[in-house]
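Start counting the first sequence at 812; every next residue gets the next number (the numbering used here).
Note that CB positions come from ideal geometry on N, CA and C, so glycine has one too.
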Amino acid sequence: MFALVDCNNFYVSCERIFQPRLEGRPVVVLSNNDGCIVSRSEEAKELGIKMGTPYFKAKPLLDAHDARVFSSNYALYGDISRRVMSYLAEVAPEVEVYSIDEAFLDLTGMEQWLEHNRSSLTEYGRRLKQEIKQWIHVPICMGIAPTKTLAKLANRIAKKDPMHHGVLHLDSDARCRWALEQVGVEDVWGIGRQYAPMLQQHGIATAADLARVSDVWARRHLGGVVGLRIVRELQGVPCLEMIPPDGGAQPRHSVAYTRTFGQPLAAYPDILSAVATFTTRVAEKLRRQGCAANMLTVFISKSRYGPAPPPYTYSNTLSLPVATRDTAELLRYARVALKQLWQPGTSYKKAGVILTGLEPGGLAQLNLFVDSPHAEQRAQLMAELDKLNTRYGAGTVGFAVELADKNGCKGAWAGKKEMRTPAYTTSLPEVWRINIDGLLLG
DNA sequence: TCTGGGGTCCTAGGACCC
DNA sequence: TCTGGGGTCCTAGGACCC
């Protein structure tokens, strides 16, 4: 048996931990740059606000209902997520952290053990739900079923129908069949924007309909083995296994840092400053992964929403002679790549730096290949930079090319973040101070 | 005026090898 | 006149997830 634990309206729930008076009110959290709505409280959903709606479109409705709106506060959400995941690691035999707000549990063997103790998986799920709420103040739901895809499906039903009190265990074939009838095909894990309309045109409306298609049909219409796995999983045949915490020791394939600018930018120094800053950020990520990269992509994009026709994005990929994790070296390549892309008189709205061809690479490998007597010192320099920036905050020490002009001006590209709450749990200056009878508590 | 960010996997097709 | 078979590696593109 697999369980899927999913935090309800996660970002909104994180904000409510520190502002309990927001309970019962419509609340939304915005994406980077205060662009789109990416988390909604139940009250906001009831207003008809859809996931991913641009904020400016929903603002009149939100204002009319006195809704609270927050910029995203990833330091906070990341920390709350870690608390939930470490709780799960203590109460479940095996945990796979699937996203910031979801985890799969492998409950093999649990059922017999619980029955032996006159309990059940449903009771177990309810206990987890109650304890996570009480200790971390985050509401969750849980679906339990013989496959991951069915656990996702059960979770969806548990979330929608209050009858289940947030926990649904599909403990028999009959219950699985019943559950499949409840869920539209568009809500099946793995069926997205493209496949859903196609399936509906073929008369496949529910998850139950999808579970009945033939293997050949699934392969032909749903992207080969991927579709086949979805169908089998719905039929109760496990095709997806738990992924161990180290990802099976598989290194990642890419790291990226991309951002929409706060305003359109045309001047080369402004765009160079952005691309340089993104390069240093992505290089930091790369070193945190313990990798080196042998390809670097820079892209810059025009607005997708203006009168201009596509293409909107211009990108340039360089193959590096030797894999590297040195910020200064990556900056040199990024500059070259950008120079070939930028067109005078054009306004750009977004840029990004993507590193691919990642290989596990530390100091030893650099020494082996780089014909430089300074390789070891350079690696040490990067380590010191990372140490300083971790301790005193990102960007404390950087490279001059990140600045847009000689006056040290930086950040014409910086996005909006006008409604961000404090990093209550991860930044000392932002920790609450409570003054009780003249006694200051940090 | 204002429209996010960062990943994954799979397939098909081309270049190349013996 | 008749022109094989079996691989690998890489990339682009298309789908998906949160």
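Taking a cut-off of 8 Å for Cβ pairs, the region 1228-1248 and the region 885-897 touch, as three or more such pairs fall below it. Per DSSP, N1246 lies in no alpha helix (DSSP H); the unbroken beta strand (DSSP E) holding it starts and ends at 1245-1247. In this model, R1136 and A1094 are separated by some 6 Å (Cα to Cα). G977 is a Cβ neighbour of M953, given a cutoff of 8 Å. Taking 8 Å as the cut-off, the Cβ atoms of T1071 and N843 count as close.
Of the residues assessed, P837 falls on the buried side of the cut-off, its CB having 16 or more other CB atoms within 10 angstroms.
Short of 7 Å from the beta carbon of E1213, and not among the five residues preceding or following it, lie these beta carbons of its own chain, in chain order: S1084, A1087, T1088, T1091, K1221. Pairing A1016 with E992 gives a Cβ-Cβ distance that is not under 8 Å. L1169 is positioned such that its CB atom lies closer than 8 Å to that of R1063. Within the same chain, and ignoring the five residues on either side of I911 in sequence, the residues whose Cβ sits closer than 8 Å to its Cβ are F821, Y888, G889, S892. Beta-bridge analysis with DSSP links E1044 to no other residue. Residue state for I943 is assigned as helix, using DSSP reduced to three classes. E901 is classed as exposed because its beta carbon has fewer than 16 other beta carbons within 10 Å across all chains shown. When rounded, the separation of the alpha-carbon atoms in V840 and A886 is 14 Å. Bounds of the beta strand (DSSP E) holding K1161 are 1159-1171. Take W1243, set aside five residues on each side of it, and the residues of its chain with a beta-carbon closer than 7 Å to its own are Y1235, in chain order. By the C-beta criterion, the region 1099-1111 is judged to be in contact with the region 1155-1164, since at least 3 inter-stretch pairs fall below 8 Å. By the criterion of a C-beta distance shorter than 7 Å, P1080 is surrounded in its chain by A1215, D1216, once the five residues flanking it on both sides are discounted. A direct Cα-Cα distance of roughly 42 Å separates D1248 from V816.
Nearest C-alpha to L1142 among A1104, Y1116, P1121, Y1123: A1104. Taken through DSSP and simplified to helix, strand or coil, M1106 comes out as strand. It is roughly 8 Å from the alpha-carbon of Q1011 to the alpha-carbon of V996. When beta bridges are read from the DSSP output, L841 appears opposite I848. DSSP, reduced to helix, strand and coil, places P1120 outside both helices and strands of the structure shown, so it counts as coil. Taken through DSSP and simplified to helix, strand or coil, M812 comes out as coil. Distance from the CA atom of Y909 to the CA atom of R937, rounded to whole angstroms, is 21 Å.
Per DSSP, the continuous beta strand (DSSP E) segment holding H980 begins and ends at 978-980. At a Cβ-Cβ threshold of 8 Å, I951 and K959 do not count as neighbours. DSSP, read as helix, strand or coil, puts S882 in coil.
DSSP places S1084 inside the alpha helix (DSSP H), whose first and last residues are 1079-1099. Spanning the alpha carbons of V880 and D984 requires a straight line of approximately 44 Å. In chain order, P1062, G1101, C1102 place their CB closer than 7 Å to the CB of P1171, counting only its own chain and leaving out the 5 sequence neighbours on each side.
M812 is positioned such that its CB atom lies closer than 8 Å to that of I955. Going by C-alpha positions, M1009 is about 29 Å away from F915. Inclusion of V999 and I968 in the CB contact set at 8 Å is not warranted, their separation being larger than that value.
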